[in-house]
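Novice:
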Amino acid sequence: MELPQRPGSRLDSYVDRYAARTRGMTASEIRALFAVASRPEVVSLAGGMPNLAALPMDSIATVAEELVRESGTVAMQYGGAQGDETLREQICEIMRLEGIEGHPDDVIATVGSQQALDLVTRIFIDPGDVILAEGPSYVGALGVFASYQAQVVHVAMDDQGLVPDTLRTAIASVKASGRRIKFLYTIPNFHNPAGVTMAVERRPEIVEICRDAGILILEDNPYGLLGFQGEIYPALRSLDTENVIYLGSFSKTFAPGFRVGWALAPHAVREKLTLAAEAADLCPPAFSQMMVSRYLSTQPWREQIKAFRAMYLERRDATLTALSELMPAGVTWTKPDGGFYVWVTLPPGLDSKAMLPRAVTARVAYVPGTGFYSDGFGASSLRLSYCYPTPERIREGVRRFADVLREEMELRAAFGHEASRALESREGVDTPGPDLA
Ligand code: PMP
């Protein structure tokens, strides 16, 4: 079929009409990258797409077929705003692995945990309110926070996660400036993008600091069951049932295409959250929820998670080995015990965003660090995702990246700041479009 010509539209005829809240909505560095990084010749260490090769597709096809045959009219109908009751009970069982005693009545099934992030922000944030977030932080959360005109104040981490003293200092200085902090957004386990995990000993302290300061905690935990040694850490929510909203997801432990995640809220918050969910989409998709629910009740999902862990561990090892063998001196990186990401820090003066076009020309992609901060910080860092490519491709990607880096460092040593400009003007460099640059 031939598609009709798509008419162009004048950008400037809309500019004056957008709501103020759209000003913070700009394309994330990851989004802009997907088009380039998905070319087959590029080794993409950029996007964090779960690797679904280990899923038993035949068994899942049977689950889908049985669902349609046995419960099609329910699965294809509207459902309750809070989500499928059986699924919410199963979610409570999963959360029990992290020490959480949640009640299905306090669980809200959402369209991925991304929607839960949106709903929580929607019900708590007025323009100008402050959200504390780790620095760096998940780019998708920063996008949500910007769209509600929140001010994000980053709190530093070390290799044990969020630093309690730094949190205290940040709270004091925001309060001294007269601004109101609504919540702390944290990813305690196998952090995206930092690849670190909050030390178990720090958890009660962080919970206490927030409780004493009257600041809610938004605990985002999509990777918690993907610890490489099978270790499962106590959720912050298990330490405080009243002051923590916990977010979970089936995107990494099953498949992101179903778009099923959840929020476990304190009982008093549950009602507002459900109303916000209802306003957003009436109800989460019944079909997806029932698929996930049947998958959990009929398939060996714990074994499946073990298979995922083994697959990601192999890739993590390939990444760390390649980094330690190939990176030039002066580059450092985190050593994740689970999840998908390694955070790389370059020697001072190097700019990961400026280097990216050259990396893509060398057929490797990563995400520059600035995308994970709301304040322009992060230029000397970047995120590598090892979840998707094969170990061989990962090694090749790291090798290409190391070559680009070495060239950049040598030129810098020889010519200082002129070096980057010299590289950019070299003939044959394929400079990507404005989104990427
Ligand atoms: N939080 C974090 C930290 C993530 O990395 C992601 C996905 N990359 C999400 C939330 C959203 O996941 P989903 O909506 O697929 O559940």
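Using UniProt numbering, the letters of the sequence shown correspond one by one to residues 1 to 437. Heads up, the beta-carbon is just placed ideally off N, CA and C, and yes, glycines get one too. Note that the structure is predicted; figures quoted are calculated from it, not measured.
#1: Kindly indicate which residue of 35, 52, 80 has the alpha-carbon position closest to the one of residue 305.
#2: Short of 8 Å in beta carbon distance, which residues of its chain neighbour residue 426, apart from the five on each side in sequence? Order them along the chain.
#3: What beta strand (DSSP E) runs, 3 residues minimum, are completely inside the segment 206-256?
#4: What are the boundary residues of the alpha helix (DSSP H) that includes residue 307?
#5: With distances taken from each beta carbon to the nearest heavy atom of the ligand PMP, which residues come in below 6 Å, in chain order?
#6: Can you tell me where the alpha helix (DSSP H) holding residue 397 begins and where it ends?
#7: Exposed or buried, residue 242, counting other C-beta atoms within 10 Å across all chains shown (16 or more means buried)?
#8: State buried or exposed for residue 415, treating a residue as buried only when at least 16 other CB atoms are found within 10 Å of its CB.
#9: Does the segment 91-106 come into contact with the segment 241-261, if we say contact requires no fewer than three beta-carbon pairs (one atom in each stretch) closer than 8 Å?
#10: Looking at the unbroken beta strand (DSSP E) that takes in residue 157, where does it start and where does it end?
#11: Exposed or buried, which one is residue 13 when buried takes at least 16 other CB atoms within 10 Å?
#12: Output the distance between the C-alpha atoms of residue 275 and residue 347, rounded to the nearest integer angstrom.
#13: Counting C-beta neighbours from all protein chains within 10 Å, is the total for residue 386 16 or more, i.e. buried, or is it exposed?
#14: Label residue 335 either buried or exposed according to how many other C-beta atoms from any shown protein chain fall within 10 Å of its C-beta, with 16 as the threshold for buried.
#15: According to DSSP, simplified to helix, strand and coil, what is residue 93?
#16: Quick check: residue 43 and residue 314, are their CB atoms within less than 8 Å of each other?
#17: Tell me, please, whether the CB atom of residue 348 is closer than 8 Å to any CB atom in chain B?
#18: Taking 8 Å as the threshold (C-beta atoms), are residue 341 and residue 192 in contact?
#19: Taking the beta carbon of residue 133 as the centre, do at least 16 other beta carbons fall within 10 Å, making it buried, or is it exposed?
#20: Can you list, in chain order, the residues of its chain whose CB lies under 8 Å from that of residue 125, leaving out five sequence neighbours each side?
#21: Let me check understanding here. Comparing Cα to Cα, which of 255, 212, 290, 196 lies closest to residue 78?
#22: Pull up the DSSP beta-bridge partners for residue 161, would you.
#23: On the DSSP bridge assignment, give the partners of residue 185 in chain order.
#24: Going by DSSP, name the residue or residues bridged to residue 332.
#25: Mind checking which residues open and close the alpha helix (DSSP H) that includes residue 123?
#26: May I ask you to list the residues that DSSP assigns as paired with residue 381?
#27: Short check: CB of residue 398 to CB of residue 296, under 8 Å?
#28: Just mark residue 428 as buried or exposed, buried being the case when its beta carbon has 16 or more other beta carbons within 10 Å.
#29: Spell out a yes or no on whether the segment 106-124 and the segment 156-173 are touching, meaning 3 or more CB-CB pairs, one atom from each, closer than 8 Å.
#30: Taking residue 360 as part of the alpha helix (DSSP H), name the residues at either end of that continuous run.
#31: May I ask you to verify whether the segment 195-213 touches the segment 152-162, counting CB pairs closer than 8 Å and requiring at least 3?
#32: Determine whether the beta carbon atoms of residue 265 and residue 273 lie at a separation below 8 Å.
#33: If you check the beta carbons only, do residue 327 and residue 404 fall under 8 Å apart?
#34: Could you spell out where the alpha helix (DSSP H) holding residue 146 opens and where it closes?
Specialist: In brief:
#1: Nearest C-alpha to residue 305: 52.
#2: Bear in mind that a pLDDT of 45 at residue 426, under 50, signals an unreliable position, so the model cannot answer this.
#3: DSSP runs (the beta strand (DSSP E)) wholly in the segment 206-256: 216-220, 244-249.
#4: Note, residue 307: alpha helix (DSSP H), 301-326.
#5: Selection output, chain order preserved: 48, 112, 113, 114, 138, 140, 187, 192, 220, 222, 249, 251, 256, 261.
#6: That run of the alpha helix (DSSP H) goes 391-415.
#7: By the beta-carbon neighbour count (other beta carbons within 10 angstroms, threshold 16), residue 242 is exposed.
#8: Burial call: exposed.
#9: Counting Cβ pairs under 8 Å, three or more are found: they touch.
#10: In the DSSP annotation of this structure, the continuous segment of the beta strand (DSSP E) that includes residue 157 starts and ends at 151-158.
#11: The residue is exposed, with fewer than 16 neighbouring Cβ atoms inside 10 Å.
#12: Rounded to the nearest angstrom, the gap between the Cα atoms of residue 275 and residue 347 is 49 Å.
#13: By the 16-neighbour rule on beta-carbons within 10 angstroms, residue 386 is buried.
#14: When all chains shown are included, residue 335 counts as exposed.
#15: DSSP places residue 93 in helix when its eight states are reduced to three.
#16: No, the Cβ-Cβ distance between residue 43 and residue 314 is not below 8 Å.
#17: No chain B is present in this structure, which holds just one protein chain.
#18: Contact: yes.
#19: Counting the other CB atoms within 10 Å of its CB gives residue 133 a total of 16 or more, which places it among the buried residues.
#20: Correct list, in chain order: 131, 145, 148, 149, 150, 182.
#21: With distances taken between Cα atoms, residue 78 lies closest to 290.
#22: Bridge partners of residue 161: 158.
#23: For residue 185, the pairing in a beta bridge is given by DSSP as 133, 218.
#24: Paired residues: 345.
#25: Boundaries of the alpha helix (DSSP H) harbouring residue 123: 112-124, taken from the DSSP string.
#26: Residue pairing for residue 381: DSSP places it in a beta bridge opposite 345.
#27: Taking 8 Å as the Cβ cut-off, residue 398 and residue 296 do not qualify as a contacting pair.
#28: With a pLDDT of only 37 at residue 428, under the threshold of 50, the placement of this residue in the model should not be trusted; the figure read from the coordinates follows. Result: exposed.
#29: No, because fewer than three Cβ pairs between the segment 106-124 and the segment 156-173 fall closer than 8 Å, the two stretches do not touch.
#30: From DSSP, the alpha helix (DSSP H) with residue 360 extends over 352-361.
#31: With a cut-off of 8 Å, the segment 152-162 and the segment 195-213 count as touching, because enough Cβ pairs lie within range.
#32: Yes, Cβ-Cβ distance for residue 265 and residue 273 is below 8 Å.
#33: Cβ distance not < 8 Å, so residue 327 and residue 404 don't count as in contact.
#34: Segment 139-147, the alpha helix (DSSP H) holding residue 146.
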